[in-house]
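Enquirer: Numbering (the working numbering), first residue to last: 2 to 111. All C-beta atoms, glycine included, are put in the ideal place defined by N, C-alpha and C. In this text, all values refer to a predicted model and were calculated from it rather than measured experimentally.
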Amino acid sequence: MPTLSLPIIAGFAVTVLGQIAALALLPATRGFTAVWPTLGCIFLFVFSLGVSARLVHSGIELSLLTPIATVAIQLFILVIGIAVYGESASLAKIALLVIAAFLIGAATQL
2 MPTLSLPIIA GFAVTVLGQI AALALLPATR GFTAVWPTLG CIFLFVFSLG
52 VSARLVHSGI ELSLLTPIAT VAIQLFILVI GIAVYGESAS LAKIALLVIA
102 AFLIGAATQL
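1) Determine the closest residue to Val99 out of Ala84, Val85 and Ile78, with distance taken between C-alpha atoms.
2) Within 10 angstroms of the Cβ of Phe13, are there 16 or more other Cβ atoms? Answer buried if so, exposed if not.
3) With a threshold of 8 Å, are at least 3 pairs of Cβ atoms found where one atom belongs to the region 12 to 27 and the other to the region 51 to 66?
4) Restricting to Cα atoms, I'd like to know which of Thr16, Pro8, Ala25 and Ser6 is closest to Ile83.
5) With distances taken from CA atoms, which of Ala90, Ile69, Glu88 and Val85 is nearest Ala101?
6) Considering Cα atoms alone, identify which of Leu27, Thr4, Phe33 and Leu45 is closest to Gly19.
7) Exposed or buried, what is Thr4 when buried is set at 16 or more other beta-carbons lying within 10 Å of its beta-carbon?
8) In whole angstroms, what separates the C-alpha of Tyr27 from that of Thr39?
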C-alpha cells in the first residue's frame, strides 16, 4: 500500500466530494428528465469513479477506499438531505448511520 501523499489525499477528497455533489443533484434531475442537472450528475459520478479507479490503480486497496468513502458520503448526504431538502432528521436515522459508520471503520482495521 502506498504512503498517504498529497495526491492520494486529494484524489480521495475529489472522489468523495464528486459523489456527494452528484447525489445532491439527483432531486434536481427530476428523474433524469431535466437535461442540465442530469448531465451534471452523470458527469460527476463518472469523473469521481474515474478518480477512484486511478487511486486503486496506484495501489490503494479497494477494501479500504470503498468503505471509508461510503461512510463519508452517507454522512454528508444525510446532512444535505436534512439541510437542503427538508428530509426528516429522526434520532434513530442519525444514530443508525453513525453506528454503521463506526462499524465500517472498525471493519477496515481488521
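Expert: From the atom records:
1) Ile78
2) buried
3) Yes, the region 12 to 27 touches the region 51 to 66.
4) Each of Thr16, Pro8, Ala25 and Ser6 was checked against the Cα of Ile83, and the nearest Cα belongs to Ala25.
5) Ranking Ala90, Ile69, Glu88 and Val85 by Cα distance to Ala101 puts Ile69 first.
6) Leu45
7) Flag for Thr4 reads exposed.
8) Per the sequence shown, the amino acid found at residue 27 is Leu instead of Tyr. Approximately 8 Å, taken between the alpha carbons.
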